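Student: Going line by line, the protein sequences match chains B and F.
The opening residue of the first sequence carries number 14 in the numbering used here; numbering runs sequentially from there.
The opening residue of the second sequence carries number 14 in the numbering used here; numbering runs sequentially from there.
Backbone N, C-alpha and C define an ideal beta-carbon position, used for all residues, glycine too.
Bear in mind the structure is a predicted one, so any value in this text is a computation, not a measurement.
Number of protein chains: 2
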Amino acid sequence: MVKRVSLWDAGCPVARALDVIGDWWSLLIIRDAFDGVRRFNEFQSGLGIAKGMLATRLRDLTARGILETAPASDGSAYKEYVLTEKGRGLFLVIVALRQWGEDHLYGPDEPRSSLIATETGAPVARLELRAGNGRVLTWDDTEVIKISTI
Amino acid sequence: MVKRVSLWDAGCPVARALDVIGDWWSLLIIRDAFDGVRRFNEFQSGLGIAKGMLATRLRDLTARGILETAPASDGSAYKEYVLTEKGRGLFLVIVALRQWGEDHLYGPDEPRSSLIATETGAPVARLELRAGNGRVLTWDDTEVIKISTI
DNA sequence: CCGATCTGGTTTCATATCGAGACCACTTGC
DNA sequence: GCAAGTGGTCTCGATATGAAACCAGATCGG
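#1: Using DSSP with H/G/I as helix, E/B as strand and the rest coil, what is F:VAL15?
#2: Express the C-alpha separation of F:ARG148 and B:ARG103 in angstroms, rounding to a whole number.
#3: Please list the partners that F:LEU40 has in chain B, where partner means a Cβ-to-Cβ separation under 8 Å.
#4: Listed from N- to C-terminal order along the chain, which residues in the segment 82-101 of chain B have their beta-carbon within a distance smaller than 8 Å of any beta-carbon of chain F?
#5: Go ahead and label B:ASP122 buried or exposed: buried means 16 or more other beta carbons lie within 10 angstroms of its beta carbon, across all protein chains shown.
#6: Which bits of chain B does F:ARG72 rub up against, with CB to CB less than 8 Å?
#7: Which residues of the segment 145-162 of chain B have a Cβ closer than 7 Å to any Cβ of chain F? Give them in chain order.
#8: DSSP state of B:LEU103, grouped into three classes?
#9: Given that B:GLY114 touches chain F, what residues does it touch there, using C-beta distances under 7 Å?
#10: Please list the residues of the segment 39-59 of chain F that have a C-beta atom closer than 7 Å to any C-beta atom in chain B, keeping them in chain order.
#11: Give the straight-line distance between the Cα atoms of F:LEU210 and F:ALA28, rounded to the nearest whole angstrom.
#12: By Cβ distance below 7 Å, which residues in the same chain neighbour B:GLN112 in space, the five residues on each side in sequence not counted?
#13: Establish whether the CB of B:PRO124 and some CB of chain F are separated by less than 7 Å.
Shown next, in the form of structure tokens:
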């Protein structure tokens, strides 16, 4: 049986995260959820995703604790999908993707959307990785170590 | 013709980024590249990816300017795949995924790897989103606006 | 310097997954 | 009460994936 490979057990948090939200649609659904989308039809028409796919993705994301269903906020009998605390934790992943996309995937004159702080109306700052002492780090200032429990 | 949907033209940097690196393997390949993996065989045995898939992914990532080939650093006639500047820009995406995975996908006693600053040996700080004025922002302190060129 | 092995792929094949659209039950609007 | 909207499920053909066979050129052992 040819099955999609899972790297859940690889012990790397990146692999495990991608095992959960690394498919084609999940992060786009989550992005829309951050933008306030809650209803099945809104997701479907906004993303152009096939209904069957969307149903599967919403079920998986709910089962994995990233979304949860709630009664419709407008009082109708329908339900809504909203981000859990765990799901909201993906915000910085979305922001990191957004900043990379803005930097590398647009021509200088291409229109694009922008993330701003509601309070000030100004664009947010760039994400930065810092050491515990506050120093800004680049990729080659860091390394991955194995933590063993032995 | 049923083709995998592309959201390149949606005007959202997140969608455009996922169009480039949003498939199952790309970010894992890039993660390994950050960890110093450079040769075809290293990627293949490390990830357990099928050779055909790996060849396709390496070609795509190279064509999209995320990897580039270079002569082998050990003087042999083989080539190596190394991250371009654009590819290195994905570091914070990997870090964001790593931190989310560490927070939400491990039991308290499960062994995991950790990202440390080489200089101090201490774990890196959490990523934070800040406004232009330095204030830390959460997801509902922000909004996405359309920038029009009209 | 010659055969064995390693590297870096390509090709082929069976199966899994995806996208499109038909279909359907329940809800809501009129 | 009936038409339209919502939130799905089912089926089908097209595509992508994983495994394995195969292969050319580079390297290694002797």
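Tutor: So, from the listed chains and residues:
#1: In this prediction, F:VAL15 scores a pLDDT of 49, lower than 50, which makes its location untrustworthy; the coordinate-derived value is nonetheless stated afterwards. Reduced to three states, the DSSP call for F:VAL15 is coil.
#2: For the sequence presented, residue 103 of chain B should be read as Leu rather than Arg. So the two alpha carbons sit approximately 19 Å from each other.
#3: Within 8 Å Cβ-Cβ: VAL27, LEU31, GLY35.
#4: Those residues of the segment 82-101 of chain B that come within reach of chain F (Cβ to Cβ, closer than 8 Å) are LYS99, ARG101.
#5: The residue is exposed, with fewer than 16 neighbouring Cβ atoms inside 10 Å.
#6: What F:ARG72 touches in chain B: nothing, since even the nearest Cβ is about 19 Å away.
#7: So the close ones are GLY145, ASN146, LEU150, TRP152, ASP154, THR155, GLU156, VAL157, ILE158, LYS159, ILE160, SER161, THR162.
#8: The answer is coil: DSSP assigns B:LEU103 none of H, G, I, E or B.
#9: Neighbours of B:GLY114 on chain F, chain order: PRO26, VAL27, ARG29, ALA30.
#10: If the cut-off is 7 Å between Cβ atoms, the segment 39-59 of chain F has LEU40, LEU41, ARG44, PHE47, ASP48 near chain B.
#11: Look at the range of chain F in this structure, 14 to 163, and you will see that residue 210 of chain F is not part of it.
#12: Excluding sequence neighbours, B:GLN112 sits near ARG139, LEU140.
#13: Chain F contact via Cβ: present.
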